[in-house]
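S.K.: Sharing a structure with you now.
In the numbering used here, the protein residues as written are 159 to 239.
In C-alpha coordinates:
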(Lines of atoms letter the chains of each structure in order from A and count residues from 1; the text may use other names and numbers.)
(Lines give C-alpha, C1' and ligand atoms only; values in the text may rest on other atoms or scores of the structure.)
Protein backbone atom coordinates (compact mmCIF):
# COMPACT_ATOMS: atom_id res chain seq x y z
CA UNK A 1 0.00 0.00 0.00
CA UNK A 2 0.96 3.62 0.30
CA UNK A 3 1.17 6.33 2.94
CA UNK A 4 -0.33 9.83 3.10
CA UNK A 5 2.46 12.00 1.71
CA UNK A 6 0.68 15.23 0.82
CA UNK A 7 1.17 17.59 3.78
CA UNK A 8 -2.20 19.32 3.25
CA UNK A 9 -4.11 16.03 3.15
CA UNK A 10 -2.18 14.68 6.12
CA UNK A 11 -2.92 17.79 8.16
CA UNK A 12 -6.62 17.69 7.24
CA UNK A 13 -6.85 14.02 8.17
CA UNK A 14 -5.11 14.54 11.51
CA UNK A 15 -7.36 17.52 12.32
CA UNK A 16 -10.45 15.48 11.46
CA UNK A 17 -9.27 12.71 13.79
CA UNK A 18 -8.54 15.18 16.58
CA UNK A 19 -12.12 16.45 16.31
CA UNK A 20 -13.39 12.88 16.53
CA UNK A 21 -11.17 12.31 19.55
CA UNK A 22 -12.76 15.34 21.20
CA UNK A 23 -16.19 13.93 20.42
CA UNK A 24 -15.27 10.61 22.06
CA UNK A 25 -14.08 12.41 25.18
CA UNK A 26 -17.35 14.33 25.24
CA UNK A 27 -19.25 11.05 25.07
CA UNK A 28 -17.23 9.69 27.97
CA UNK A 29 -18.21 12.74 30.03
CA UNK A 30 -21.85 12.31 29.07
CA UNK A 31 -21.78 8.74 30.30
CA UNK A 32 -19.91 9.65 33.49
CA UNK A 33 -22.47 12.36 34.28
CA UNK A 34 -25.34 9.97 33.57
CA UNK A 35 -26.69 11.83 30.54
CA UNK A 36 -29.78 10.56 28.79
CA UNK A 37 -29.06 7.49 26.64
CA UNK A 38 -30.61 9.11 23.57
CA UNK A 39 -28.16 12.02 23.82
CA UNK A 40 -25.27 9.55 24.17
CA UNK A 41 -26.53 7.56 21.18
CA UNK A 42 -26.79 10.74 19.11
CA UNK A 43 -23.18 11.63 19.91
CA UNK A 44 -22.01 8.08 19.19
CA UNK A 45 -23.67 8.27 15.78
CA UNK A 46 -21.96 11.62 15.15
CA UNK A 47 -18.50 10.31 16.01
CA UNK A 48 -19.11 7.20 13.93
CA UNK A 49 -19.93 9.43 10.97
CA UNK A 50 -16.82 11.53 11.62
CA UNK A 51 -14.65 8.41 11.61
CA UNK A 52 -16.32 7.20 8.41
CA UNK A 53 -15.49 10.54 6.78
CA UNK A 54 -11.89 10.13 7.97
CA UNK A 55 -11.75 6.68 6.41
CA UNK A 56 -13.05 7.92 3.07
CA UNK A 57 -10.67 10.89 3.16
CA UNK A 58 -7.84 8.40 3.60
CA UNK A 59 -9.12 6.34 0.67
CA UNK A 60 -9.24 9.56 -1.34
CA UNK A 61 -5.57 10.14 -0.51
CA UNK A 62 -4.72 6.64 -1.70
CA UNK A 63 -6.58 7.22 -4.96
CA UNK A 64 -5.02 10.66 -5.47
CA UNK A 65 -1.55 9.22 -4.87
CA UNK A 66 -2.17 7.01 -7.88
CA UNK A 67 0.39 4.39 -6.95
CA UNK A 68 -2.09 1.74 -5.78
CA UNK A 69 -3.90 -0.37 -8.37
CA UNK A 70 -7.67 0.14 -8.52
CA UNK A 71 -8.28 -3.47 -7.50
CA UNK A 72 -6.30 -2.95 -4.30
CA UNK A 73 -8.28 0.19 -3.48
CA UNK A 74 -11.52 -1.73 -4.12
CA UNK A 75 -10.31 -4.54 -1.86
CA UNK A 76 -9.56 -2.06 0.91
CA UNK A 77 -13.00 -0.50 0.53
CA UNK A 78 -14.79 -3.82 0.67
CA UNK A 79 -12.67 -5.04 3.57
CA UNK A 80 -12.97 -1.99 5.84
CA UNK A 81 -16.16 -0.18 4.91
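Ideal Cβ positions, reconstructed from N, Cα and C, are used throughout, including at glycine.
Considering residue 184, what are the terminal residues of the alpha helix (DSSP H) in which it resides?
M.R.: Counting along the chain, the alpha helix (DSSP H) containing residue 184 begins and ends at 165-190.
S.K.: In the DSSP assignment, find the unbroken alpha helix (DSSP H) run with residue 224 in it and report its ends.
M.R.: Where residue 224 is concerned, there is no enclosing alpha helix (DSSP H), given that its DSSP letter is neither H nor E.
S.K.: Do the segment 172-181 and the segment 202-218 make contact, defined as three or more Cβ pairs closer than 8 Å?
M.R.: Touching, yes.
S.K.: Below 8 Å CB to CB, which residues in the same chain sit around residue 189 once its five sequence neighbours on both sides are set aside?
M.R.: 198.
S.K.: Give me, in chain order, the residues of the same chain whose beta-carbon lies closer than 7 Å to that of residue 182; leave out the 5 immediate sequence neighbours on both sides.
M.R.: The residues are 205.
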